[in-house]
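The structure appears below as structure tokens.
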Amino acid sequence: MLTVPDKKVPTQDQAIAAMLLKAEVEAFNTAYSAALDEQRLSDWAELFTPDGFYIIISRENHDRGLPVGLIYCENQGMIRDRAFALEKTAMFAPRYLRHMVGNVAVEPEDADGLIVARANYVVFQVLFDRPDATIHQVGRYEDVFQRTPGGLRLKKRVCVYDSLLIDNALCIPV
Amino acid sequence: MLTVPDKKVPTQDQAIAAMLLKAEVEAFNTAYSAALDEQRLSDWAELFTPDGFYIIISRENHDRGLPVGLIYCENQGMIRDRAFALEKTAMFAPRYLRHMVGNVAVEPEDADGLIVARANYVVFQVLFDRPDATIHQVGRYEDVFQRTPGGLRLKKRVCVYDSLLIDNALCIPV
Amino acid sequence: MLTVPDKKVPTQDQAIAAMLLKAEVEAFNTAYSAALDEQRLSDWAELFTPDGFYIIISRENHDRGLPVGLIYCENQGMIRDRAFALEKTAMFAPRYLRHMVGNVAVEPEDADGLIVARANYVVFQVLFDRPDATIHQVGRYEDVFQRTPGGLRLKKRVCVYDSLLIDNALCIPV
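Protein chains in written order, with numbering that gives the first Met the number 0: chain H, 0 to 173; chain X, 0 to 173; chain P, 0 to 173.
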């Protein structure tokens, strides 16, 4: 998907269909970002399928095939638990977050309504003890979406961040 | 608009219309960014309607309903005055700015040609007394566009920035 | 292209064609970014035409019409040499890069399959001797694409970066 574009030229209908699907994924990512930036973590958890898989892992570990991640959720129940815990412990609160998602690439939907996609993300933060915005995390999403009657949902989102070391405070969803 | 996507599936025609409208808003935002990044402030002022409302306000004040902002313009005349003053006093000059606008969400155009939209922005800057680029401001645009014979114009842009304290030098449009 | 949008309203067919072309350019930029971020420099070199022109130049020099650049390649041969040298000397390796490309503006394709376009870019980096992500370079692409049987290729990419001084380590493609 992300190598040198290949030679098969799509028809106009195929190109429009691809553009519509990419627009749908981008709208999803915008809603996803807004849920996290506005600290609506319960809304965030509902963006996954019941078997939704969500991890945050360093690029270094990901490249080496090591499964160790900052956050590891095997299904929506674990994602809801994480959201609930963060909302109750207020660990999430003392900062403002702002997502920028770009460089979105989307493969065609398969017969089962699964869509493989990818994007780059930057999360900026403003901590309450310093005035200016800084970079919280930079990385890429490796996604599998599932089409449902309620629209797209994440069946899998692997957040691969570029930073090397992460302090504890960074154990929040991105 | 930015909550969990709802269940009504649009027809292909509706989806194409939504995509065209979003493309129009994105093209507008790109032209808007370029006017500011290239310090063409007179061009920037022309991107508003005569009754165009433009403010820059902190997320903290915005969330509390306080109207105090860094910049407060109630109509295009005030916006032109601001542009003129900045160009003449050259406060704008000793830095390079670079906008990145993303995570754009657009609601359908209403019968009066009004379009509610939203986007995240990051403005990077290079100050002339230090070599590298830094983050000038991160935030979101809350917009109302008006369709005119000359294309889209801003009837309202509220720039809600995430930073807590802003030094004086930041009183420039974003 | 980037001034106040003009008054000619395109037909729906023209608007769809413009959107498809922009989507094609965006897909190209995403593939281009991924090649550099994943250090696939040979793939990167293949994204240019045989007469592809590639330079990285400061905004200051560009505005003054000075041709002095960090990187100056007059054709694909020179681009391939650069890619080969960087891969062999491993100067590229001790950092992670992450591109974000946005604010894309695309002019209509001409009769020769040439497409003038522009975009803003930010490249984030993680150096291996410090844990967090920083800004490597911010700037804009000024592009001419050529349509080929294999898809779009860059006939010309001028990377105009905003920073004033650049340390030696930054002599890597963006």
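Note that beta-carbon positions come from the ideal geometry of N, C-alpha and C, so glycine has one too.
Everything numeric in this text was worked out from a predicted model, so none of it was measured.
Cutoff 8 Å: residue i Cβ touching any chain H Cβ
i	result
P/Asp-161	no
X/Ile-114	no
X/Ala-33	no
P/Thr-10	no
P/Asp-131	yes
X/Val-173	no
X/Val-121	yes
P/Ala-22	yes
X/Asn-167	Since pLDDT at X/Asn-167 reaches only 49, below the 50 mark, its modelled position is unreliable, and the value read off the structure follows with that caveat. With 8 Å as the cut-off, X/Asn-167 does not count as an interface residue toward chain H.
Short CB-CB distance (under 8 Å) between residue i and chain X
i	result
H/Val-125	yes
H/Ala-17	no
H/Thr-48	no
H/Ala-118	no
P/Ala-14	yes
CB-CB length for residue i against residue j, believed under 8 Å
i	j	result
P/Leu-40	P/Leu-153	Contact doesn't hold; Cβ gap of about 15 Å is too wide.
H/Val-121	H/Glu-141	Incorrect: roughly 16 Å between the Cβ atoms, too far for contact.
H/Leu-113	H/Val-143	6 Å
P/Ser-162	X/Ala-33	In fact, because the Cβ distance is near 19 Å, the residues do not count as touching under 8 Å.
X/Tyr-181	X/Ile-78	Beyond the ends of chain X as shown, which are 0 and 173, falls residue 181 of chain X; an answer cannot be given.
P/Ala-26	P/Pro-107	Contact doesn't hold; Cβ gap of about 18 Å is too wide.
X/Gln-75	X/Thr-48	7 Å
Status (buried if at least 16 other CB within 10 Å, exposed otherwise) for residue i
i	result
P/Pro-172	buried
X/Arg-97	buried
P/Ala-83	Looking at the sequence provided, one finds Phe at residue 83 of chain P rather than Ala. P/Phe-83 is exposed by the Cβ-count criterion.
H/Thr-147	exposed
X/Val-103	buried
P/Lys-155	buried
X/Lys-181	Chain X is shown from 0 up to 173; residue 181 of chain X falls before or after that span and cannot be answered.
H/Gly-101	buried
P/Gly-51	buried
H/Met-0	Any reading at H/Met-0 must be qualified, since the residue scores a pLDDT of 45, below 50, and its modelled position is unreliable; the value itself is stated next. Result: exposed.
For residue i, the nearest candidate out of the options (CA to CA)
i	options	result
H/Gln-124	X/His-135, X/Leu-126, X/Asp-131	X/His-135
P/Ala-118	P/Tyr-95, P/Ala-132, P/Asp-109, P/Val-105	P/Val-105
H/Tyr-139	H/Ala-116, H/Gly-149, H/Thr-147	A quick correction: the sequence has Arg, not Tyr, at residue 139 of chain H. With distances taken between Cα atoms, H/Arg-139 lies closest to H/Ala-116.
H/Ser-157	H/Tyr-71, H/Phe-27, H/Gly-76, H/Gly-101	The amino acid occupying residue 157 of chain H in the given sequence is Val; Ser does not appear at that position. Nearest C-alpha to H/Val-157: H/Tyr-71.
H/Pro-93	H/Asp-42, H/Thr-147, H/Gln-38	H/Gln-38
P/Gln-11	X/Lys-7, X/Pro-9, X/Glu-23	X/Glu-23
H/Thr-29	H/Leu-19, H/Met-99, H/Ala-110	H/Met-99
P/Arg-58	X/Leu-126, X/Glu-73, X/Ile-56, X/Tyr-95	X/Tyr-95
H/Pro-130	X/Val-137, X/Arg-63, X/Asn-102	X/Val-137
H/Cys-170	H/Arg-81, H/Leu-126, H/Lys-87, H/Leu-151	H/Arg-81
H/Asp-109	H/Val-8, H/Gly-101, H/Leu-126, H/Gln-145	H/Gln-145
X/Ile-56	X/Leu-69, X/Arg-63, X/Glu-73	X/Leu-69
H/Asp-111	H/Leu-151, H/Tyr-31, H/His-61	H/Leu-151
P/Val-8	X/Lys-7, X/Leu-19, X/Asn-60	X/Leu-19
H/Leu-35	H/Gly-149, H/Asp-128, H/Leu-85, H/His-61	H/Leu-85
X/Glu-73	X/Phe-127, X/Ala-44, X/Asp-62, X/Thr-88	X/Ala-44
Neighbour flag for residue i against chain C, beta carbons, 8 Å
i	result
X/Val-67	Absent from the structure is chain C; the protein chains it does hold are H, X and P.
Give the residues from the segment 73-103 of chain P that approach chain H closer than 9 Å (Cβ to any Cβ), ordered along the chain. Within the segment 73-103 of chain P, the residues whose Cβ lies closer than 9 Å to some Cβ of chain H are Tyr-95, Leu-96, Arg-97, His-98, Met-99, Val-100, Gly-101, listed in chain order.
Using a Cβ-Cβ cutoff of 8 Å, what residues of the segment 53-73 of chain P are near chain X? List them in chain order. Cβ contacts with chain X come from Arg-58.
Using a Cβ cut-off of 8 Å, which residues of the segment 135-146 of chain H contact any Cβ in chain P, in chain order? Cβ contacts with chain P come from Gln-136, Val-137, Gly-138, Arg-139.
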